[in-house]
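First to last, the protein sequences are chains F and V. Quick note: the first sequence, position 58, residue 57 per numbering that gives the first Met the number 0, numbers continuous. Quick note: the second sequence, position 137, residue 136 per numbering that gives the first Met the number 0, numbers continuous. Cβ coordinates follow ideal geometry from the N, Cα and C atoms, glycine included. This structure is a prediction, so every number in the text was calculated from the model and none was measured. A quick write-up on the structure given underneath.
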Amino acid sequence: MLDPVNAAADTAPGFVWRLVEDGEADATGMRPLGEDVIVNLSVWESQEALWDFAYRSGHLEVMRRRREWFHRHVEAHMVLWWVPAGHVPTVAEALERLADLREHGPSPRAFTFASSHTAAEAAGHAPDGNPATV
Amino acid sequence: MGPWRTSKRSRCCRTLYDAACTSTSWPRAGRSAATRPPRRPGGAHARRAPPGQADRGGLLESGSRRLSGRSGPGPPPAKVYTRARGERSVSLPARDYRTAAELLAEAAEHAGLDAGLCAAARRRGEALRGPAGLCGGLDEAVETLAARGYEPYREDGAVRMRNCPFHAVAESFPPLVCGMNLALLEGLLGTEGPVRARMDARPGECCVVVEEEAVEAAPRASKNNDD
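Given below as structure tokens:
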């Protein structure tokens, strides 16, 4: 199931980059938060492009069935932030942004779909960037 | 005729609104309208209307566009109407079901109640279907879905829907509410008959598509199998 979804992401409008483990097709083998947590990190040209892929493509059907495979996170588990064009974010960077969101709530540094901030608002943090999400 | 008489002008505005609704879907701001091919020449609907009347009240948005797609000399740009992106609702006395829906959806999301919500939606769909039985075919599906506000249309042998009746909460909790919507439609149309509701989301429209089940998998598909 993962391969078709990842292939769809790779050709989706606005897709820039996604995290992949060396020599693998995806990042499911990376477990920086413990054995029972996988990470998903990607860069998109705009928040709208990410939204349309996540919720207005075949990805939604997989999301609909998410309870079949995943336990529910109590804390925030998705974060968006802007990165400069050409910048490839790291997992450590993503975890910092997630910690920022959990500690301080949504801000131009770390936000969510429901409380988003523009690249201009984030200019003091990461000018001219693309949103990245984990 | 009831006690409410409609004027020729209001009927004209209603016709214009209906035309605008059937020629464009409900685009999220700048998101999908630009990338989807128009279903009619020009995408939006051009029509003579009383100036300033049709869009009064904020139901329609208007702009000028050359429908020929060419620049340079030629006829002046037409006034083009599209459905306004905002929502209007009337309730007397005042009610606020939207806030209630958002709060219930938020609680269901945080508690992980997807399965229970979908079961309730499926039961509701079956209750709405009533004793009429399974949906007999795509034409019947169009009628059923139109009656519930989905604004269905035929495309490539399937039924798609321009409108999501749960738009606001679906935007806030897509997997939860879109899953609920699918379960509701599965209950409404049935899962054992000649048509199937399936999730097939694309920008600006309802996330569900209704298709005919393959004949060999649904031997009862003879009632209304004309597409």
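Please state whether DSSP places F/P107 in a helix, a strand or coil. coil
Between the CA atoms of V/A182 and V/D138 - distance to the nearest angstrom: 20 Å
Please list the partners that F/M62 has in chain V, where partner means a Cβ-to-Cβ separation under 8 Å. P173, P174
Just checking my contact of F/L18 with F/A26 at CB under 8 Å: how many whole Å lie between their CB atoms? 4 Å
Given a limit of 9 Å on CB to CB distance, which residues of the stretch 153-185 of chain V reach chain F? A169, E170, S171, P173, P174, L175, C177, G178, L181
V/G186, enclosing alpha helix (DSSP H) - first and last residue: 173-188
Is V/A200 near the ligand ADP - that is, is its Cβ less than 8 Å away from at least one heavy atom of it? Summarising the ligand content, the structure contains no ligands, and the ligand ADP is consequently not present.
Can you tell me whether F/A113 is buried or exposed, with buried defined as 16 or more other CB within 10 angstroms of its CB? exposed
Closest by C-alpha distance to F/A84, when choosing among F/P130, F/G28, F/N5, F/H72: F/P130
Boundaries of the alpha helix (DSSP H) in which V/R128 is found, first to last residue: 113-128
When V/R128, V/R197, V/P164 are compared against V/R87, the one with the closest alpha-carbon: V/P164
Grouping DSSP H, G and I as helix and E and B as strand, with all else coil, what is F/T27? coil
Less than 9 Å between CB atoms is the rule here; does F/D9 satisfy it with respect to chain V? no
To which residues does DSSP link F/W43 through a beta bridge? F/F14
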